[in-house]
Amino acid sequence: MSPRNPPAADVSLTHPDRLYWPDEGVTKQALADYYAAVWPFMVPYVVNRPLALLRLPDGIKSQQRFFQKHAWKGMNPHIEEIADPQDADGEKLLRIADFNGLVALVQSAVLEIHPWGVTTDNWEKPDMITMDLDPGEDVAWSAVITAAIELKARLEARGLAAFVKTSGGKGLHVVTPLSPKAGWAEVKDFAHSLAESMSADAPEKYLATATKAKRGGHIYIDYLRNGRGNTAVAAYSTRARPGAPVSMPLDWPDLDEVSGPAAFTLGNVPHRLETRPKDPWGNFFDAAVPLE
Ligand code: ATP
Ligand code: MN
Numbered sequence: 001m002s003p004r005n006p007p008a009a010d011v012s013l014t015h016p017d018r019l020y021w022p023d024e025g026v027t028k029q030a031l032a033d034y035y036a037a038v039w040p041f042m043v044p045y046v047v048n049r050p051l052a053l054l055r056l057p058d059g060i061k062s063q064q065r066f067f068q069k070h071a072w073k074g075m076n077p078h079i080e081e082i083a084d085p086q087d088a089d090g091e092k093l094l095r096i097a098d099f100n101g102l103v104a105l106v107q108s109a110v111l112e113i114h115p116w117g118v119t120t121d122n123w124e125k126p127d128m129i130t131m132d133l134d135p136g137e138d139v140a141w142s143a144v145i146t147a148a149i150e151l152k153a154r155l156e157a158r159g160l161a162a163f164v165k166t167s168g169g170k171g172l173h174v175v176t177p178l179s180p181k182a183g184w185a186e187v188k189d190f191a192h193s194l195a196e197s198m199s200a201d202a203p204e205k206y207l208a209t210a211t212k213a214k215r216g217g218h219i220y221i222d223y224l225r226n227g228r229g230n231t232a233v234a235a236y237s238t239r240a241r242p243g244a245p246v247s248m249p250l251d252w253p254d255l256d257e258v259s260g261p262a263a264f265t266l267g268n269v270p271h272r273l274e275t276r277p278k279d280p281w282g283n284f285f286d287a288a289v290p291l292e
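Here it is as structure tokens:
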């Protein structure tokens with residue numbers, strides 16, 4: 001499926017002219033069009049995963065924002081409710097199965113999509129690790145890139161693959177595909193040890209704990225996206241921030257030409273995907289191995 005043949009959706013948008021990013025003139029319709037363009041690339045990172053959703057019914061300038069893990073009143077039926085097998089009697093979680101589900105999210109003013117690092121086929125065995133690099137004040141962008149490359153080297157030394165995306169906010173996410181085998185506790189312990197080893201070897205650059213006081217001048221390596229029920233923004237998800245930035249998957253060599261963590265936006269990503277020869281994360285799950 002090419003971006004020029006967008007997938008069809010049965011979900012109709014009410015008020016397609018509603019402004020979600022008013023300063024950029026980005027409407028609900030424009031958001032749906034963006035997701036139609038990136039859908040073929042985005043599918044594996046958003047379909048059949050428990051989702052946390054950031055909804056801003058009146059757009060990013062509004063104080064009204066809801067971070068939702070559960071259904072809301074009038075929710076479109078293309079957003080599925082699904083029981084957490086470890087909490088069978090608890091409130092159901094949310095999932096989408098197809099492009100209709102994604103358009104239903106747009107219709108509901110979901111401006112950020114945060115999946116778990118697991119599919120609902122295999123809830124106890126994560127299929128990715130996300131390491132989140134959060135630079136403190138006064139940290140140069142080039143230092144964030146260096147940190148990502150160091151993480152990649154450490155992951156590869158362990159026989160694991162490493163992919164990189166912008167967060168669309170302040171930093172980079174280094175993401176490792178896993179064959180589902182290790183459980184949540186093992187995956188989180190591994191992510192923790194990785195962050196600790198970076199910090200132990202270069203304490204002047206890296207922190208593995210969220211001690212805000214020391215954050216200035218350091219990069220915080222947040223491994224806490226990797227516990228059961230934790231989330232990280234999806235590849236290609238928009239962010240509810242000025243400029244309509246997106247979390248953009250990149251090839252490692254591309255990092256050198258990227259001006260910053262919010263360089264990719266709803267406005268420029270579809271053209272980039274259409275004019276580049278390949279999907280930067282095209283072999284993501286082919287590169288998965290079990291965490292041993
Ligand atoms: P940045 O580059 O700005 O750090 P990020 O995507 O790495 O962006 P945040 O957007 O700050 O980080 O998200 C931090 C964590 O909190 C993520 O796990 C995300 O899923 C979760 N999260 C995001 N927004 C909310 C919210 N409103 N309430 C609760 N959790 C949230
Ligand atoms: Mn971050």
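Quick note on the UniProt record's numbering: the sequence shown kicks off at 1 and runs consecutively.
Ideal Cβ placement from N, Cα and C applies to all residues, glycine included.
- At the C-beta level, threonine 146 and phenylalanine 264 stay beyond 7 angstroms of one another.
- Using a Cβ distance threshold of 7 angstroms, arginine 239 and glutamate 112 count as a contacting pair.
- Taken from the Cβ of serine 193, every heavy atom of the ligand MN lies 6 angstroms or farther away.
- Taking 7 angstroms as the cut-off, the beta carbon of glycine 74 is found no closer than this to the beta carbon of proline 22.
- Spanning the alpha carbons of proline 77 and serine 62 requires a straight line of approximately 26 angstroms.
- For the segment 183-238, the continuous beta strand (DSSP E) assignments of 3+ residues that do not extend past its boundaries occur at 219-222, in sequence order.
- Remark: the C-beta of glycine 136 is outside contact range of the ligand MN, defined as less than 6 angstroms to any heavy atom.
- Rounded to the nearest whole angstrom, the CA to CA distance from proline 203 to isoleucine 82 is 43 angstroms.
- A residue is called buried once 16 or more other Cβ atoms fall within 10 Å of its Cβ, and glycine 25, having fewer, is exposed.
- Approximately 6 angstroms separates the beta-carbon atoms of proline 50 and arginine 95; this is inside 8 angstroms, confirming the contact.
- Residues of the same chain with a CB within less than 6 angstroms of the CB of proline 280, apart from the 5 flanking positions on each side, are Pro249, Leu250 and Asp251 in chain order.
- Contact check between the segment 85-104 and the segment 125-144: fewer than three CB pairs, one atom from each, fall below 8 angstroms, which does not count as touching.
- Going by DSSP, arginine 55 is part of the beta strand (DSSP E) stretching over 51-55.
- Listed in chain order, the non-local C-beta contacts of leucine 255 below 6 angstroms within the same chain comprise Ile145, local neighbours out to five positions each way being set aside.
- Here tryptophan 72 carries a coil assignment [DSSP, helix/strand/coil].
- Here the C-alpha atom of proline 261 lies approximately 23 angstroms from the C-alpha atom of proline 40.
- With respect to the C-alpha of proline 270, the residue from Ala30, Leu13, Ala8 and His15 having the closest C-alpha is Ala30.
- Note on glutamate 137: under 16 other CB atoms within 10 angstroms of its CB, so exposed under the neighbour-count rule.
- For lysine 170, the closest of Ala37, Val43 and Val139 by C-alpha to C-alpha distance is Val139.
- Note that the C-beta distance between threonine 130 and alanine 52 is not below 7 angstroms.
- The alpha-carbon of tryptophan 184 is positioned some 10 angstroms away from that of glycine 117.
- The ligand ATP approaches histidine 114 closely enough that one of its heavy atoms is under 6 angstroms from the residue's Cβ.
- Residue pairing of proline 40 in beta bridges, as defined by DSSP: absent, with no partner found.
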